[in-house]
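Input: a single structure, listed below in structure tokens.
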Amino acid sequence: MLAGCSSLFAQGLKLTAFGGYTIQDKVYGYYGDVIIEDGPHYGGMLSYERNANMSIDLTYSHQSTTFNIKDYSAGVGSSGNYSGGVNYIMIGTSHSKDFNAKVAPYGGGMLGAAVFTSSRFSDEWKFAVGGKLGVIVNANEKIGIMLQTQLMVPVQGVGLGVGCGTSGCGGGTYTSSTATQLGFTGGVQIKLNN
62 MLAGCSSLFA QGLKLTAFGG YTIQDKVYGY YGDVIIEDGP HYGGMLSYER NANMSIDLTY
122 SHQSTTFNIK DYSAGVGSSG NYSGGVNYIM IGTSHSKDFN AKVAPYGGGM LGAAVFTSSR
182 FSDEWKFAVG GKLGVIVNAN EKIGIMLQTQ LMVPVQGVGL GVGCGTSGCG GGTYTSSTAT
242 QLGFTGGVQI KLNN
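For the sequence shown, this note's numbering puts the final residue at 255, and the numbers step up evenly by one.
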């Protein structure tokens, strides 16, 4: 029975190696601005196809970049260009009308972490959300070509508010972000078992 369950799970596994390009973004802050330079990115995705319409995806991507920092606060001296990287570790889902079609358009969402590393500052971990739209061109039953555009958004702030007035009490939550990384990606998808 274990062998049967293992075989069933393996039937839906897909591995995708990808590379692409991320557009430059400028982040505005209270005490300065940061430009995340554009550049190539690469990574991989492990997907479990639950059915022909939905897959669960674990994605890792890395972009080597330069952070151009403009510090407006007096005496800190941290303005300049610093080499570093942006890493995303995301889990999410993709949805398609039929992943097994010759040409399978899809869309999806992701949640996870953005990790910013630099030669000057300590690593910063941020909660991140993302979205993707793309198409898979299935060359045969085992190999497909993936073309995708994605938007990754590291969340800078999360808030919770509660207030009371003459007409009652209310509450709400909000998130905010000043970074939005738009990228274009191509890759090769291999179905591990069919």
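C-beta atoms are modelled at their ideal positions from N, C-alpha and C, and glycine is treated no differently.
The C-alpha of residue 84 lies about 11 Å from the C-alpha of residue 126.
For residue 148, the secondary structure class from DSSP, reduced to helix, strand or coil, is strand. Spatial neighbours of residue 82 in its own chain (CB-CB distance under 6 Å, excluding positions within 5 residues in sequence) are listed in chain order as 101, 245. Straight-line spacing of the CA atoms in residue 113 and residue 140 works out to 50 Å. In the three-state reduction of the DSSP assignment, residue 111 falls in the strand class, which pools E and B. Taking the C-beta atoms as reference points, residue 175 is found nearer than 8 Å to residue 149.
Straight-line measurement puts the Cα of residue 168 at about 15 Å from the Cα of residue 109. When rounded, the separation of the alpha-carbon atoms in residue 88 and residue 241 is 9 Å. Of the candidates 77, 123, 194, 123 places its Cα closest to the Cα of residue 99.
Going by beta carbons, residue 152 and residue 171 fall inside the 8 Å limit. If you draw a straight line from the Cα of residue 250 to the Cα of residue 204, it is about 6 Å long. If you compare the alpha carbons of 129, 147, 188, 212 with that of residue 195, the shortest gap goes to 212. In this structure, the beta-carbon distance from residue 143 to residue 181 falls below 8 Å. In this structure residue 146 is not in contact with residue 207, their Cβ atoms being roughly 23 Å apart against a cut-off of 8 Å. For residue 243, the enclosing beta strand (DSSP E) covers residues 242-252. Apart from the 5 residues on each side of it in sequence, residue 80 sits with its Cβ closer than 6 Å to the Cβ of 103 in its chain, given in chain order. When C-alpha distances from residue 214 are compared across 202, 188, 200, the shortest belongs to 188.
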